[in-house]
Amino acid sequence: TAGRDKSIKLINDANANGKIIGVVAQINEDIEEPTSNDIHKIGTVAQIIRILKMPDGNTTVILQGKKRFEIDAITQNEPYLKATIKEVVEKR
Numbered sequence: 007t008a009g010r011d012k013s014i015k016l017i018n019d020a021n022a023n024g025k026i027i028g029v030v031a032q033i034n035e036d037i038e039e040p041t042s043n044d045i046h047k048i049g050t051v052a053q054i055i056r057i058l059k060m061p062d063g064n065t066t067v068i069l070q071g072k073k074r075f076e077i078d079a080i081t082q083n084e085p086y087l088k089a090t091i092k093e094v095v096e097k098r
């Protein structure tokens, strides 16, 4: 579920352009404007499958995870975070 304007803009922009997004968990969800220090460095590359606008104003997004990544460097903060990443190779 996405409720912040930045998150919704990212989702809408990516969906309009058929792009994939990187999803990372926030360390403390109460921080309204998270910086690179407020998010985990490992995340999931994901394809947007469907976007649902909920009655409470939030947006629910159905994603398909593709692979894991690690943030190398944050390259942009506005209008949403962008980063260079490197693939995390799973050991089996």
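Each residue of the sequence shown is one higher than the one before, starting from 7 at the first, in our numbering.
We put the beta carbon where it would ideally sit given N, CA and C, even for glycine.
As the structure is a prediction and not an experimental result, all values here were calculated from the model.
How long is the line joining the alpha carbons of residue i and residue j, rounded to whole angstroms?
{"i": "A20", "j": "I26", "result": "7 Å"}
{"i": "I17", "j": "I54", "result": "8 Å"}
{"i": "N23", "j": "T81", "result": "20 Å"}
{"i": "E38", "j": "P85", "result": "14 Å"}
{"i": "R98", "j": "R10", "result": "37 Å"}
{"i": "I33", "j": "D44", "result": "5 Å"}
{"i": "N64", "j": "K88", "result": "22 Å"}
{"i": "L69", "j": "D36", "result": "23 Å"}
{"i": "T99", "j": "A8", "result": "The structure shown has nothing for residue 99, since the chain only spans 7 to 98."}
{"i": "P61", "j": "K12", "result": "19 Å"}
{"i": "G28", "j": "N83", "result": "14 Å"}
Got a sec, what are the start and stop residues for the beta strand (DSSP E) residue i sits in?
{"i": "D36", "result": "It is not in any beta strand (DSSP E) - D36 carries neither H nor E in the DSSP assignment."}
Quick one: is residue i buried, meaning 16 or more other Cβ sit within 10 Å of its Cβ, or exposed?
{"i": "E95", "result": "The question names Glu, but residue 95 in the sequence shown is Val. When all chains shown are included, V95 counts as exposed."}
{"i": "V67", "result": "buried"}
{"i": "V30", "result": "buried"}
With a threshold of 6 Å on Cβ separation, who are the neighbours of residue i within its own chain once the five nearest residues in sequence on each side are excluded?
{"i": "K92", "result": "E76, D78"}
{"i": "G71", "result": "T50, A52"}
Considering only residues of the same chain and omitting the five flanking positions on each side of residue i, which have a CB-CB separation below 8 Å?
{"i": "H15", "result": "The question names His, yet the displayed sequence has Lys at residue 15. So the qualifying residues of the chain are P85, Y86."}
With a threshold of 8 Å, are at least 3 pairs of Cβ atoms found where one atom belongs to the stretch 38-49 and the other to the stretch 57-70?
As far as the Cβ criterion goes, the stretch 38-49 does not touch the stretch 57-70, which means the pair count is below three.
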